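Counting from 1 along the sequence shown, just add 114 to a position and that's the residue number in our numbering. Cβ coordinates follow ideal geometry from the N, Cα and C atoms, glycine included. Since the structure is predicted, the reported quantities are computational estimates derived from the model, not experimental observations. Here the structure comes first, spelled out in structure tokens, and everything after it is commentary.
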Amino acid sequence: MGQDYQNYIAGEWCDADSGERFDNINPADHDDLVGTFPSSGAAEVDRAVEAARGAFDHWRLVPAPERGEIMKRAGDIMTAHKEELAQLETREMGKVLDETRGDVQEGIDTAYFAFGEAPRMAGKTIPSEMPNKFNMTTLMPIGVVGVITPWNFPLAIPTWKIFPALTSGNTVVFKPASDTPATATRFVEILLEAGVPPHAINLVHGGGSSVGRAIVAHPDIQAISFTGSSDVGREINRQAGGQLKRVSLELGGKNAQIVMDDADLDLALEGVLWGAFGTTGQRCTATSRLILHEKIHAEFLAELNKQTAALKLGNGLDEATQVGPVINAPARDGIHRYVEIGQGEGAHLEVGGGPATGGSLDKGHFYQPTIFSGVKPGMRIHDEEIFGPVLAVIKVATLDEAIDTLNATEYGLSAAIYTRDINAAFRAIRDIQTGITYVNGPTIGAECHLPFGGCKSTGNGHREGGDGAYEFFTELKTVYIDYSGTLQRAQIDNR
Ligand code: NDP
């Protein structure tokens, strides 16, 4: 029997006005109901925004270091509850415990980074061209921020957005993914326990087309921070752009790992196994393409096939599991459609290629880790994001061809190159068109104090993580202080 969870709006835990609810079921075990959640809509968003607007007047005046201390307390509480949070995340999202522990740790690190960053929210002093005049910039919060997040990092992604948003003095209306609302609810409970004022954080559960759209359309929300699919990102950009809202978009990826003929092949193999099949391939940075130099192609592929076929699938709560389920049945069916497309396009199916069934796997949405060889740019399995455990292998003859192939997608999030040749590594760093590039490491594995984000269709130029996140959540104010006691006209009186 799952718990009945609620929204948190205007300082109160409450149901949807309609009284309707939706179920959250463990993707590894359809008998395990994690909980039911309110199916909210525009009316609940209106109330949440009103509360957040009211709270902004107070919260923006709390000294930034004091706001930072609250974020630190949130980090401390998350540390104390790390295992509980990881278990909950695995139950509702499916990825293995090792990974959800990492997801929680990323949230903790982001809290402590906020604590460190809060006293550093400094402007600049800038010399004036006039005598007896002092110029400076200061950082101001924006107002009410709408936060819309996906299901694959149920805790880390909300923390990437909400810690810097609150630390900067904004107030928040938060809509988590419908597939992972329980972890999001625990996070809001932790923020409140840490001391975030009740109206400054509001949580509204419900669908993207109801709650998500209402947040984007609301005239009193000044900024939207969104992570999710490119299609929804484009829609948000159109709508929010029409109202001149600030929008941060972190969208899809079609990330590739290059393995050159001089690489440490064992290391490269470990990297691709983790990059392609960790989180069951459901990371925006997942390795979904493997670009192999022709000299090592056959040998590398043979070993990769062997090790992929041996991966142990199962419930992520079982410590022996290496690959958990995919998030839901439509996702599993969508992945399988791409596998059929790949076969139709003439790619060669090496391993996997269908839902994984039998025994306890029948209780969840499992898909076999799958590898295609003989893939070429222009094929849909090469160009389009599948967001599942499907790896496309491409054979190349030179470094130039490898880099051109890597760049031959509309996305530009993450990339990796394995080589021992320092010249090749630096050319790749220079020429690869991605926001994140790894040398001798897989395409996944962000550290929260570094910028995170992509170019091309992966986003709109903003970065999360690091101090750059604080730029998104603040307005710059330029201040001129004239202490000359006379009217001084810049560009006129001094020329
Ligand atoms: P979606 O875009 O479907 O959903 C993301 C969030 O947006 C969910 O909360 C969803 O609500 C909501 N939403 C859906 N439709 C709308 C709408 N019309 N208006 C406003 N909000 C809406 O993505 P997924 O959850 O399926 O996540 C997978 C995608 O996210 C992949 O493409 C992946 O690459 C990308 N991603 C990118 C990352 C990055 O940093 N670049 C990191 C992680 C994922 P609901 O759940 O209720 O449908």
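Of the heavy atoms belonging to the ligand NDP, at least one sits nearer than 7 Å to the Cβ of Asp293. When DSSP reads this structure, Leu427 sits in a beta bridge with Val437. For Leu527, the Cβ falls inside the 7 Å cut-off from some heavy atom of the ligand NDP. When DSSP states are grouped into helix, strand and coil, Thr150 belongs to the strand group. In summary, Asn284 is buried, with 16 or more beta-carbon neighbours lying within 10 Å of its beta-carbon over all protein chains present. As computed with DSSP, Tyr122 is found in a beta bridge with Trp127 and Leu317. The nearest non-hydrogen atom of the ligand NDP is 7 Å or more from the C-beta of Leu505. According to the DSSP secondary-structure assignment, Ile139 is paired through a beta bridge with Leu147. In terms of Cβ geometry, His319 and Ser132 do not form a close pair [threshold 8 Å]. Residue pairing for Ser487: DSSP places it in a beta bridge opposite His462. For His496, the CB contacts under 6 Å within the same chain, skipping 5 residues up- and downstream, are Val489 and Ala506 in chain order.
If you draw a 10 Å sphere on the C-beta of Tyr594, you find fewer than 16 other C-beta atoms in it, and that means exposed.
Exclusion of the five residues before and after Glu498 leaves Lys368 and Tyr452 as the residues of its chain whose Cβ lies within less than 8 Å of its Cβ. Cβ-Cβ distances below 6 Å link Asn249 to Ile240, Ser242 and Tyr594 in the same chain, with the five nearest sequence neighbours on each side left out; the list follows chain order. Rounded to the nearest angstrom, the Cβ distance from Leu365 to Gly347 is 4 Å, consistent with a contact under 8 Å. With a cutoff of 8 Å on beta-carbon distance, Asp293 and Trp265 are scored as near each other. Counting of Cβ neighbours within 10 angstroms places Phe540 among the exposed residues, the total staying below 16. In terms of CA proximity to Pro268, Gln396 leads the group Arg167, Gln396 and Tyr122. When rounded, the separation of the alpha-carbon atoms in Leu202 and Asn442 is 17 Å. Where Lys196 is concerned, the enclosing alpha helix (DSSP H) starts and stops at Lys196 to Met207. The closest heavy atom of the ligand NDP lies 7 Å or more from the beta carbon of Ser571. Residue range Asn369 to Val373 is occupied by the beta strand (DSSP E) that includes Gln371. Between the alpha carbons of Thr252 and Met235 lies a gap of roughly 8 Å. Counting C-beta atoms within 10 angstroms of its own C-beta, Asp217 has 16 or more neighbours from the protein chains shown and is therefore classed as buried. By the neighbour-count criterion, in which 16 or more other beta carbons inside 10 Å mark a residue as buried, Glu231 falls on the buried side. With a 10 Å radius around the Cβ and a threshold of 16 neighbouring Cβ atoms, Arg205 comes out buried.
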